[in-house]
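Report on one structure; see the data block that follows.
Chains as they are written, first to last, in the numbering used here: chain S, 37 to 506; chain H, 37 to 506.
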């Protein structure tokens, strides 16, 4: 798969030490020469390590003295606490709040901290255009014909090959393509759930999932979720007899950005398999890791075919293409039938184009760049939040994905903040969107997928000032 | 909209007289000179009338004598009788037969009389490729961004403009785009039905609709249907208190090809509105009329917003593009919400390309050509069926669409015929696919969307011989 450069590997290790507080603000870093010895690398590699850390604003060069951990690191905002939803299944309609927030999609006059997709300026637009052109030429009848029911073979093959990167071992025949990620989740829930069934999810949770579950006549059970390690397994164990389906975003979920450790993933998969409760795993952010290592998926611990692994290119390449897929394990026949009956086929041209983009390695090169940009953005966002947001602000420290989750003091009302911010042309996602219960009133989600700029920094300052006034 | 040439209008009138038996085999037609006088047209127009009728194999020129109605017209197969399903709601799974038949999609080694789409060779492939290229250039961020929730504005505007052609008066804001026609029907049924509800449909009925209704936990009530005029309104009146939704393909439905007269449409719309039963109108074949006049839609008689009018380009332009739409009347908010929750958006690039193809008039020019081709194909198919199929064969006489429905003598078992034909690389759609009841065992559907050729004729001869042997 993708080549990981040695300098990048070393830089990530040092960055982790800085973030974890092992190296502290003002600490001197080893010299270039010492680095060469310590890691057995050449001068050029060692120099690139420092350039990389500098680009991430983690270190600063001082003339004649070498590199030091940046001063700005001195403040380190605390993490939000583990969420504590009540363990009761809800089936009432989600508030209209998220519909209001999402209606801002495409509004060029707003700064859209609310929309969880990478900005177009971070995407390989020219290459994608060419890929579409090639696809119209390569496909029989220019792509006007129906695809095979399971979906574009090239795309499925490449998704299968890439599964090795997260500990999976998929075959193209294990996969079914869908019209984007939401469509994959929709088919999974339709295949597995019957009205009145209960679906366990993370809390806070992506509003689209809340709406989807409720729309199908299913109930939502929100699980306590740790901002770093994901759902609390003890809580899941307690409710396992009351639930019918579990739907998680184990890797860099939105809004928390938590990533379940491998041991947790394994335990959850085994726990659910023992009760024959299917796990729908939404891995749509899995490729957006900031470190050097792609996190594993729950699917990689699945020996029973009980995990339905879903993903898409909507968060990494092209939201508007509607290209997603699912590896539905033992539920494959059910999913295939649903696709036949409710969709018939995917859009041949676009799925071929994405399949080819993956095949030629362009996707990996793009992801490499996108991950770096998002990691830098993340650092800038955290710096701005640290500098401008009111005392008592807590924030998540995701190691990947597109979002950070801010918890203000209890005085800050996120919905009011949303309304005040909209008057200043700033759109944020207020906490109550992410739950069916009365919670997260003082929380917001910020999307880090916008290209960093002084204007963005200024907007975050404005947002911080609004929060301070509350 | 589209220009209808005078010669074409006159030819259609004469063709109708031939088909209706007013002009009979061997009858002499008026001379070119007489035609000029009668219709007040020039010589060139009159000559083109005869060329057109000749192209349709309806008339033959005899040297020095003029034009005569073709001899082959002498035999005229009778129509199948009105269908007589029992008026009981069914909710069992459709047979696996249609899954088997549809699994042949894309198999180049078969003659696919079974698949109801126009062959790629009848589609404007080069122009469509260009249109896609333009779309990637015209759209912001190359179409990687999400569309507005309701769908591509250009496409909705053009579908609205074209609604004038069928007596409608839609505005772009009345329309929501979908990923193809099936997706539109799926959203409508999801929005309107709850498990256990009963949906009245035509019988025989498109298998995809049977599967869709059953898949959502709804029941199917099959209505007696006339091969020319569609559902029997008296039957609908009898069951109206037992049904919750009505789903019809009033224009050139598959497999019968029936087209409800305007008066019937109006009556059905009023009958259903009086009982507050929504009508889902699938108009996917409406543009494929053989005559000069596009048939009206039920939606054009809808004063209450009770008709959900659905269509797509899957039967006319590009099955693999997945471009459809719905005008859901008073159910618009429900439909919009379903689209948000289950699909989020359509594929921006392809929907823009189709929108533009409609806008530039290319779609109308293509349809004009496609209709002529299908009309000629229809004539060839009927001729071959008349010539090669066993005594006692009955056939529909659709005035548009993509299918003819054949009723054999009771001795012919359509499923066995399907299996025998497959051994000779011929795929047909056997009657039992089109119902949940025990009927149509001696019926098949033939799709006329393949380009006519001697080979096709030979395949129909083979098929006829197989049926004769039974």
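Glycine residues also receive a C-beta, built at the ideal position from the N, C-alpha and C atoms.
Only a predicted model underlies this, so the values are computations on that prediction, with no experimental measurement involved.
Pull up the CB-CB distance for residue i and residue j, whole angstroms please, since I reckon it's below 8 Å.
| i | j | result |
| --- | --- | --- |
| residue 238 of chain S | residue 266 of chain S | 7 Å |
| residue 153 of chain S | residue 466 of chain S | About 18 Å; that fails the 8 Å criterion. |
| residue 316 of chain H | residue 281 of chain H | 7 Å |
| residue 424 of chain H | residue 500 of chain H | 3 Å |
| residue 439 of chain S | residue 293 of chain S | 6 Å |
| residue 220 of chain S | residue 341 of chain S | With a Cβ gap of about 17 Å, residue 220 of chain S and residue 341 of chain S do not count as contacting. |
Leaving out the 5 sequence neighbours to the left and right, which residues in its chain are closer than 6 Å to residue i when beta-carbon positions are compared?
| i | result |
| --- | --- |
| residue 371 of chain H | 212, 223, 227, 364 |
| residue 389 of chain S | 167, 168, 171 |
| residue 208 of chain H | 192, 193, 196 |
| residue 206 of chain S | 196, 199, 363 |
| residue 134 of chain S | 243, 469 |
| residue 264 of chain H | 294 |
| residue 393 of chain S | 167, 399 |
Determine, for residue i, whether the minimum Cβ-Cβ distance to residues of chain S falls below 7 Å.
| i | result |
| --- | --- |
| residue 354 of chain H | yes |
| residue 214 of chain H | no |
| residue 256 of chain H | no |
| residue 179 of chain H | yes |
| residue 437 of chain H | no |
| residue 462 of chain H | no |
| residue 344 of chain H | no |
| residue 222 of chain H | yes |
| residue 358 of chain H | yes |
| residue 247 of chain H | yes |
For chain H, is any of its Cβ atoms less than 7 Å away from the one on residue i?
| i | result |
| --- | --- |
| residue 383 of chain S | yes |
| residue 387 of chain S | no |
| residue 378 of chain S | yes |
| residue 168 of chain S | yes |
| residue 182 of chain S | yes |
| residue 401 of chain S | no |
| residue 347 of chain S | no |
| residue 487 of chain S | no |
| residue 156 of chain S | yes |
| residue 251 of chain S | yes |
| residue 410 of chain S | no |
| residue 110 of chain S | Residue placement at residue 110 of chain S cannot be trusted, given a pLDDT of 45 that sits under 50; the coordinates are not used to answer. |
| residue 431 of chain S | no |
| residue 370 of chain S | no |
Using DSSP's beta-bridge definition, name the partner residues of residue i.
| i | result |
| --- | --- |
| residue 325 of chain H | H:436 |
| residue 463 of chain H | H:148 |
| residue 481 of chain S | S:441, S:465 |
| residue 348 of chain S | S:360 |
| residue 77 of chain S | None; residue 77 of chain S has no bridge partner. |
| residue 237 of chain H | H:258, H:283 |
| residue 318 of chain S | S:346 |
| residue 232 of chain S | None; residue 232 of chain S has no bridge partner. |
| residue 97 of chain S | S:103 |
Less than 8 Å between C-beta atoms, sequence neighbours within five positions excluded: which residues of the same chain meet that for residue i?
| i | result |
| --- | --- |
| residue 327 of chain H | 48, 52, 435, 436 |
| residue 90 of chain S | 96, 97, 103 |
| residue 502 of chain S | 453, 456, 457, 460 |
| residue 257 of chain S | 123, 124, 125, 126, 234, 235, 236, 237, 275, 278, 279 |
Answer with yes or no whether the minimum CB distance from residue i to chain A is below 7 Å.
| i | result |
| --- | --- |
| residue 219 of chain S | Annotation note: the requested chain A is absent from the structure, which comprises protein chains S and H. |
Spatial neighbours of residue i within its chain, please: CB distance less than 7 Å, with the 5 preceding and 5 following residues excluded, ordered by chain position.
| i | result |
| --- | --- |
| residue 18 of chain H | It is not possible to answer for residue 18 of chain H, since the shown part of chain H is limited to 37 through 506. |
| residue 343 of chain H | 305, 315, 317, 334, 335, 365 |
| residue 84 of chain S | 43 |
| residue 491 of chain H | none |
| residue 181 of chain S | 384 |
| residue 498 of chain S | 460, 462 |
| residue 272 of chain H | 236, 259, 304, 307 |
**Q.** At least 3 beta-carbon pairs within less than 8 Å: the stretch 230–244 of chain H vs the stretch 395–403 of chain H
**A.** Judged by Cβ distances under 8 Å, the stretch 230–244 of chain H makes no contact with the stretch 395–403 of chain H, as fewer than three pairs qualify.
Q. Do the stretch 302–318 of chain S and the stretch 173–183 of chain S make contact, defined as three or more Cβ pairs closer than 8 Å?
A. no
Q: Taking 8 Å as the threshold, find out whether the stretch 404–420 of chain S comes into contact with the stretch 181–201 of chain S through three or more Cβ pairs.
A: When Cβ pairs closer than 8 Å are counted between the two stretches, the stretch 404–420 of chain S is seen not to touch the stretch 181–201 of chain S, the count staying below three.
Q. Within the chosen definition, does the stretch 47–58 of chain H reach the stretch 88–102 of chain H through at least 3 CB pairs nearer than 8 Å?
A. yes
Q.
Three or more C-beta pairs under 8 Å: does that hold for the stretch 281–292 of chain S against the stretch 318–326 of chain S?
A. yes
(Q) Pairs of beta-carbons, one from the stretch 429–449 of chain S and one from the stretch 114–121 of chain S, closer than 8 Å: are there three or more? (A) yes
Q: Spell out a yes or no on whether the stretch 375–383 of chain H and the stretch 248–266 of chain S are touching, meaning 3 or more CB-CB pairs, one atom from each, closer than 8 Å.
A: yes
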